[in-house]
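Shown next, in structure tokens, is the structure this report addresses.
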Amino acid sequence: MRFYNLNISHILMISPMYRELKQLIENEKLVQCFRFKSEEEVTDADLDWADAIATFNSQADFDYSKVKWVHSLGAGVDRFLHNKSWDEGVLLTRTICSFGQRIAQYTLSYILQDLQQHHLFAEDSNKKIWEPRTPILMKDKKAVIYGTGEIGQETARVLSLFGMDVYGVSRSGRQKDFFTKVFAINEHQSELKDVGYIINTLPLTTETEFLFDEHLFSCFTQAGFINVGRGASVDEEALLLAIDKGTLRFAVLDVFREEPLPSGHPFWDHPKIIITPHISAVTTPDEAVSCFIDTLFNIEQNKELLNQVDIKNGY
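Numbered per the working numbering, the sequence shown spans residues 48 to 362.
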């Protein structure tokens, strides 16, 4: 996909880490004029001034139709598109960097922790109990990854290096490298009852909201659920019910419908739920600036944008 003749000269960068971004951008000596602000500091005058906005996980409902280009400093764009209208004359791009590596390693760490039975040995150690147990090999387990884009594919590559059979689920069901088989989202459930791990990497769209509901969880048996996609893809009551029924053995949750997760939420106290504070794919200032500058250069040179968001699909 390409956009032509955008002529970007005024760029507004909105982020909690705007000071770090400012220092990195100034080191690049770009010809464009920049303003760096926190979300709370942005005014209508800033939006009127800007040709482009680079922002991360904005909570505010800015009028993005005022600019020519919006760049997400994170991988997700649901804050801009989900249940919202978007002016298709405005270019939307997203950050692509080490997200695949980070999420693959995050996922691998919790799978190994489970297979190596770390929690049981920790309990034994606390009780001074000597109880040999044989760790399970990854080649003896299967995983299914929902979402076969760059993040899902990198996760599949890493898990398959250890001999694990990895299945994929996507909208199209198109086959991808490192997956034993990829299923279309409407045809997979009867095929995957015996998988050991369910991994969600999907973006949030109208199709994926509440995808993981009571019916879907009931299709599995004693699986571990790892969510690094979006919290709103999960019916939280259905997740708790699946764990209590034993359909799921445990859940590792990095993303939530409401963030930060409220202190009174039942996830906090559940013994079979591990919570991390949305850190599985952190955007560092260096990576954010690098991807932004590459995208800006490609726009200026009228080159293909591999990180352009398909507004219709939502990713």
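Idealized CB from N, CA, C, for every residue including glycine.
Bear in mind the structure is a predicted one, so any value in this text is a computation, not a measurement.
Original post:
Expressed to the nearest angstrom, what Euclidean distance is found between the alpha-carbon atoms of K174 and R180?
Top reply: Within the sequence shown, the letter at position 127 stands for residue 174. Within the sequence shown, the letter at position 133 stands for residue 180. Across the structure, K174 and R180 are spaced so that their CA atoms are roughly 16 Å apart.
Subject >> Contact belief for E283 with R304 at Cβ below 8 Å, rounded distance in angstroms >> reply: Here residue 283 refers to the residue found at position 236 of the sequence shown. Here residue 304 refers to the residue found at position 257 of the sequence shown. For E283 against R304, the beta-carbon gap comes to about 7 Å, under 8 Å, which counts as contact.
Original post:
So, helix, strand or coil for D134, using DSSP?
Top reply: What you label residue 134 is simply residue 87 of the sequence shown in a count that begins at 1. Three-state DSSP puts D134 in coil, outside helix and strand.
Original post:
What first and last residue would you give for the beta strand (DSSP E) that runs through C80?
Top reply: The count along the sequence shown starts at 1 and reaches residue 80 at position 33. In the DSSP annotation of this structure, the continuous segment of the beta strand (DSSP E) that includes C80 starts and ends at C80 to K84.
**OP:** Taking Y244 as part of the alpha helix (DSSP H), name the residues at either end of that continuous run.
**Re:** Position 197 of the sequence shown holds residue 244. Counting along the chain, Y244 falls outside any alpha helix (DSSP H), though it belongs to the beta strand (DSSP E) covering Y244 to N247.
Original post:
Are F46 and A328 closer than 8 Å when you measure CB to CB?
Top reply: Limits of the chain in this structure are 48 at one end and 362 at the other, which puts residue 46 out of reach.
Subject >> Cβ shell of G47 (< 8 Å), same chain only, five flanking positions each side left out >> reply: Past the edges of the chain, shown from 48 to 362, lies residue 47, and the structure says nothing about it.
**OP:** With DSSP collapsed to three states, give me the class of R7.
**Re:** Nothing can be reported for residue 7: it is not among the residues displayed for the chain, which extend from 48 to 362.
**OP:** Check whether the region 75-95 touches the region 127-138, counting contact only when three or more Cβ pairs, one atom from each stretch, lie closer than 8 Å.
**Re:** Too few Cβ pairs lie closer than 8 Å, so no.
**OP:** Pick helix, strand or coil for H36, following the three-state DSSP scheme.
**Re:** Since the first residue of the chain shown is 48 and the last is 362, residue 36 is not available in this structure.
Subject >> Span of the alpha helix (DSSP H) around Y153 >> reply: In the sequence shown, the residue the question calls residue 153 occupies position 106. Its alpha helix (DSSP H) spans residues F146 to L162.
Original post:
Any idea what DSSP makes of F226, helix, strand or coil?
Top reply: Position 179 of the sequence shown, counting from 1, holds the residue named residue 226. In the structure shown, F226 sits in coil (DSSP, three-state: anything other than H, G, I, E or B).
Subject >> C-alpha gap between Q148 and I192, whole angstroms >> reply: For the purposes of this step, residue 148 is taken as the residue at position 101 of the sequence shown. For the purposes of this step, residue 192 is taken as the residue at position 145 of the sequence shown. One C-alpha to the other measures close to 15 Å.
**OP:** Apply the 10 Å Cβ neighbour rule to V242 and answer buried if 16 or more other Cβ atoms are within range, or exposed otherwise.
**Re:** Taking the sequence shown and counting its residues from 1, one reaches residue 242 at position 195. Sixteen is the threshold: when 16 or more other Cβ atoms of the shown chains lie within 10 Å of the Cβ of V242, as they do, the residue is buried.
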